[in-house]
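For the sequence shown, numbering that gives the first Met the number 0 begins at 0 and goes up steadily by one. Here the structure comes first, spelled out in structure tokens, and everything after it is commentary.
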Amino acid sequence: MAAADADPFVRARELVTPGLKAAADRMNSGTRQVIGYHFGWCDEQGRPVAANNGKMVRPALAMLAAEAVGGAPGRAAGAGAAVELAHNYSLLHDDVMDEDPTRRHRPTAWTVYGVPAAILAGDALITLAGEALVGDGAPLAAEGVPRLDAALLRLIDGQAADMAFEGRTEVGLDECLTMVGDKTSALFALACELGALSAGAAPHQVWQLRQFGEHLGLAFQLNDDLLGIWGDPEITGKPVLADLRARKKSLPVVAALNAGNAAAARLAELYHRDEPLADAELRTCAELIEEAGARTWAHQETQRQLDAALGCLQAANPRPGAAADLTALAHLLTTPPATTATPVPAEKSAAPSTSRSFQLPEFRLSRAARLNPQLETARAHTDAWAIRLGLVDEDPAVMPWSRAQLAANDLGLLCAHKFPDTPTEALTTVSDWYTWLFHLDDYLVEKFGRTGDLAGAKAYLARLPEFLPTDPGRPAPEPANPTERALADLWSRTAPAMSPAWRARIHGALAELLTGHLQELRQTAATHTANPLEYLAAKRMTNGGRVADHLTEFAKAAELPAAVADGPTLRSLLDAVTDGALLLNDIYSYDREAGDPGETGNMVLLLEKLLGCGPQQAAEACNDMITARVRQFEHIAEVEIPEMCQAHQLSAAQRATVLEHVDSLRDWLPGWQAWHQRAARYQPADPVAAGQPITRRLAGPTGLGTATARRLVARVSG
């Protein structure tokens, strides 16, 4: 693991730079100087400098692909050099065709040396790329060159399509995705397959790593397209709004133009004008892309492609160290840069438990956890409420929670952390809601998951929405069980503070939650997924996040503006924080779930299988995913939320409500982590040694929305 400890970009640069310079030295002085300037090795006069020559992403992919199949990193030197030469050929020509004035914070080569010199330098690089493979010997000399040629043909097709799109008013999203696959994914895939080939990988490994590169290339380009519109010029090296100024048919633009809504029509009017667009009009275009839903779509599609890439990586059966590096690299390439200060570390536990399978990672969250001073009031009220409404029973055949288990859950503590500024009455109501949500999750798996009684579960869930009537004049049915009785009580305390639209939103959120629970119960143990994307998507249906989001409005006594309350931007913000909460829960609950050999309902377990590594490395990778969600949250909060407010022309008071709501969501993850750290529910102590009753609930996953993850345990213990 010594080599893998270094930055893969640094290692890749050290690996291929000698070969790149040797290739450039094959050319005459004039072309060599253009190449040297483009790579950042010299200034305009040919004097040596150390300018930015890119991150060496593609050589890093080639190097790590070789390591992933057991090869030494040095074996990929020829592959890495070849793909970097090919990549820079495309950059030199692209800059000419696009008339880009700068690259990597310097004037482009064609602006310094002229168009003919830049074109000839690019031509030289593509020839030198083939020579690098031939000079490497077998197997790249025989198998690598045809693959390089095929990738270059795809790249040329992609560039031709990209240029053709600029002259067309109608471009389909599918053909735009094909263009991106040809123009960007082709070289990502080539880097991975050449790296694997250089190390003598089996054909199926070469194929899977190639597919990893294909999906990663799409995810990378989606993220790059977002930066091309909304990115910081100091980061991108391009002028602000450069892609819109050039009327690029990037993926967010094409997605917006094909959205079929009013924003799409207004964008088309602006974007298809013949005359240049002023800066104000360019900003309007960016706002319309957001309003059309394309920015949110691009973020979501980035995540889908990333998860598909990681699935292909898993299928290649990679070596653990390189797999972890490739996973981290993939996240780095597809995560928008943080737009606020570096996230602060969460409070560390006093001492890691010796019974935990790994050292807890350092969680990097947006802020430290805070605590509502009314904690003890919330605790006492919520426990008494749960007992009074019948959610607790000492007989596990009646209810999954005893009084001791209710105390161990400590949901008053959770809400005191998540809602640190909420007044007492609202805090106790929110705490009761959380208790009900956790009760529902545990009760469903105990009562119906263990027996497979889907008909009973469907009937049980079908009545619950009736206890949230959106019309205050319509009476709810008579409660028939503690779950219904508790929900009716909650609604009587919550609905009066809500407008009809707000009541309809929370009613819809509950219906979505119940549908998700039923879908989980319908799945069999054999269908546990090992796909992180499917896992997170399923959990979003059952984690209660949307209901909890409405409770955040209630806690602040501030209803979100109807125009944005359930829109894509706030949905994406909520997905980021609830995904982070689920992943954090999976780290803390790992030891309770790892004991079941068939259990995969935990991201740390999934990553162990995906990366072929131990729990410590998997937990660190899971924590990296949490950090990525924190950064995504802050990006949306600091960039997309203000733009959403402007796009919808919200008043100053409405904007203040939205921003206060967003700031409240920042307390979720720190509060969630602090609760996991302190609540007995998540401590890895031996229940026998502690004198606790041994129940199936304590043997399985313990977070909100974990019914699917507990099915196997329920069936085994039943």
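In this text, a Cβ means the ideal position worked out from N, Cα and C, and glycines have one as well.
request  = Please say whether R209 and G180 have beta carbons closer to each other than 9 Å?
outcome  = Position 181 of the sequence shown, counting from 1, holds the residue named residue 180. Position 210 of the sequence shown, counting from 1, holds the residue named residue 209. No, Cβ-Cβ distance for G180 and R209 is not below 9 Å.
request  = Starting from T101, follow its DSSP beta bridges and name the residues at the other end.
outcome  = Here residue 101 refers to the residue found at position 102 when the sequence shown is read from its first residue. Paired residues: P106.
query = Taking C-beta to C-beta, are L582 and I635 nearer than 9 Å?
reply = Locating residue 582 in the sequence shown gives position 583, where the first residue counts as 1. Locating residue 635 in the sequence shown gives position 636, where the first residue counts as 1. No, Cβ-Cβ distance for L582 and I635 is not below 9 Å.
ask   = To the nearest angstrom, how far is it from the Cα of L243 to the Cα of T301?
value = Residue 243 sits at position 244 when you count from the first residue of the sequence shown. Residue 301 sits at position 302 when you count from the first residue of the sequence shown. One C-alpha to the other measures close to 20 Å.
Cβ-Cβ distance between A150 and A185 below 9 Å = On the sequence shown, residue 150 is found 151 positions in, with the first residue counted as 1. On the sequence shown, residue 185 is found 186 positions in, with the first residue counted as 1. In this structure, A185 lies closer than 9 Å to A150 by Cβ.
request  = State buried or exposed for E445, treating a residue as buried only when at least 16 other CB atoms are found within 10 Å of its CB.
outcome  = Position 446 of the sequence shown, counted from the start, is the residue given in the question as residue 445. Counting Cβ neighbours within 10 Å, E445 comes out buried, since at least 16 surround it.
inquiry  = For G121, tell me which candidate among G544, R74 and V95 has the shortest Cα-Cα distance.
reply    = In the sequence shown, counting from the first residue as 1, residue 121 sits at position 122. The shortest Cα separation from G121 among G544, R74 and V95 belongs to V95.
request  = Drop a sphere of 10 angstroms on the beta-carbon of H214, count the other beta-carbons inside from all chains shown, and report buried for 16 or more, exposed for fewer.
outcome  = Counted from its first residue, the sequence shown places residue 214 at position 215. With 16 or more Cβ atoms within 10 Å of its Cβ, H214 is classed as buried.
message = Mapping the DSSP letters down to three states, classify P474 as helix, strand or coil.
response = As a first step, residue 474 is located in the sequence shown; it is residue number 475 there, counting from the start. Coil.
query = Thinking C-beta only, is A64 closer than 9 Å to A198?
reply = For the purposes of this step, residue 198 is identified with residue 199 of the sequence shown, where counting begins at 1. For the purposes of this step, residue 64 is identified with residue 65 of the sequence shown, where counting begins at 1. Result yes, Cβ atoms of A198 and A64 sit closer than 9 Å.
query = By a C-beta neighbour count over all protein chains shown, 10 Å radius and 16 as the cutoff for buried, is T168 buried or exposed?
reply = Taking the first residue of the sequence shown as 1, we reach residue 168 at position 169. Looking at its Cβ environment, which holds fewer than 16 other Cβ atoms inside 10 Å, T168 is exposed.
task = Classify P47 as helix, strand or coil using the three-state DSSP reduction.
result = Here the question's residue 47 lines up with position 48 in the sequence shown. Of the three classes helix, strand and coil, the one that applies to P47 here is strand, per DSSP.
inquiry  = Whole angstroms are fine: how far does the CA of F357 sit from the CA of L606?
reply    = For the purposes of this step, residue 606 is taken as the residue at position 607 of the sequence shown. For the purposes of this step, residue 357 is taken as the residue at position 358 of the sequence shown. Approximately 14 Å between the Cα atoms of the pair.
task = Select from A562, T427 and L509 the residue whose C-alpha is nearest the C-alpha of A377.
result = If you number the sequence shown from 1, residue 377 lands on position 378. It is T427.
query = What are the uninterrupted segments assigned as alpha helix (DSSP H) that are 4 or more residues long and contained completely in the region 267 to 294, given in chain order?
reply = 278 to 290
message = I'd like the span of the alpha helix (DSSP H) that includes K457, first residue to last.
response = In the sequence shown, counting from the first residue as 1, residue 457 sits at position 458. It spans L453 to A461 - the alpha helix (DSSP H) in which K457 sits, taken as one unbroken run.
Burial state of G544 (16 or more Cβ within 10 Å) = Position 545 of the sequence shown, counted from the start, is the residue given in the question as residue 544. That one is buried.
key: Assigned secondary structure, C612 (DSSP; H/G/I helix, E/B strand, else coil)   = For the purposes of this step, residue 612 is identified with residue 613 of the sequence shown, where counting begins at 1. It is coil, neither helix nor strand.
request  = Let me know the beta strand (DSSP E) ranges lying completely inside the region 58 to 144, each 3 residues or longer, listed in chain order.
outcome  = none
request  = Kindly provide the ranges of any alpha helix (DSSP H) runs that are 4 or more residues long and lie completely inside the region 637 to 672, ordered along the chain.
outcome  = 640 to 646 and 651 to 664
ask   = Starting from K182 and walking both ways along the alpha helix (DSSP H), at which residues does that stretch end?
value = Numbered from 1 along the sequence shown, position 183 holds the residue referred to as residue 182. Careful: K182 lies outside any alpha helix (DSSP H) and carries neither H nor E.
ask   = Which two residues bound the contiguous alpha helix (DSSP H) that contains L370?
value = Here the question's residue 370 lines up with position 371 in the sequence shown. Careful: L370 lies outside any alpha helix (DSSP H) and carries neither H nor E.
First and last residue of the uninterrupted alpha helix (DSSP H) at F437 = The residue you call residue 437 lines up with position 438 of the sequence shown. First-last of the alpha helix (DSSP H) with F437: T423 to L443.
query = Taking C-alpha atoms, which residue in Q648, P641, T577 and R654 lies nearest to M624?
reply = One-based indexing of the sequence shown puts residue 624 at position 625. If we check each option's Cα against that of M624, T577 comes out closest.
request  = Tell me, to the nearest whole angstrom, how far the beta carbon of T568 is from that of M540; I am working on the premise that it is less than 8 Å.
outcome  = For the purposes of this step, residue 568 is taken as the residue at position 569 of the sequence shown. For the purposes of this step, residue 540 is taken as the residue at position 541 of the sequence shown. Not quite, the Cβ-Cβ distance comes to about 20 Å (not below 8 Å), so this is no contact.
message = From the DSSP secondary-structure annotation, give me the bridge partner or partners of C41.
response = Position 42 of the sequence shown holds residue 41. P47.
message = If you reduce the DSSP assignment to three classes, tell me which class E558 lands in.
response = Sequence index remark: in the sequence shown, residue 558 carries index 559 (1-based). DSSP places E558 in coil when its eight states are reduced to three.
request  = With a 10 Å radius around its C-beta and 16 neighbouring C-beta atoms as the bar for buried, classify Q44 as buried or exposed.
outcome  = Residue 44 sits at position 45 when you count from the first residue of the sequence shown. Classification of Q44: exposed, given that the 10 Å Cβ count is below 16.
ask   = Grouping DSSP H, G and I as helix and E and B as strand, with all else coil, what is W400?
value = For this step, residue 400 is matched to residue 401 along the sequence shown. Looking at W400 - three-state DSSP - the assignment turns out to be coil, as it is neither helix nor strand.
query = To the nearest angstrom, how far is it from the Cα of R31 to the Cα of P669?
reply = Taking the first residue of the sequence shown as 1, we reach residue 31 at position 32. Taking the first residue of the sequence shown as 1, we reach residue 669 at position 670. Cα to Cα, R31 sits roughly 54 Å from P669.
ask   = Using the C-alpha atoms, what's the distance from R449 back to G389?
value = Residue mapping note: residue 389 aligns to position 390 of the sequence shown, counting from 1. Residue mapping note: residue 449 aligns to position 450 of the sequence shown, counting from 1. Distance between the alpha carbons of G389 and R449 is about 21 Å.
request  = Tell me where the alpha helix (DSSP H) around T469 begins and ends.
outcome  = On the sequence shown, position 470 is the one that residue 469 refers to. Note, T469: premise wrong, no alpha helix (DSSP H); not H, not E.
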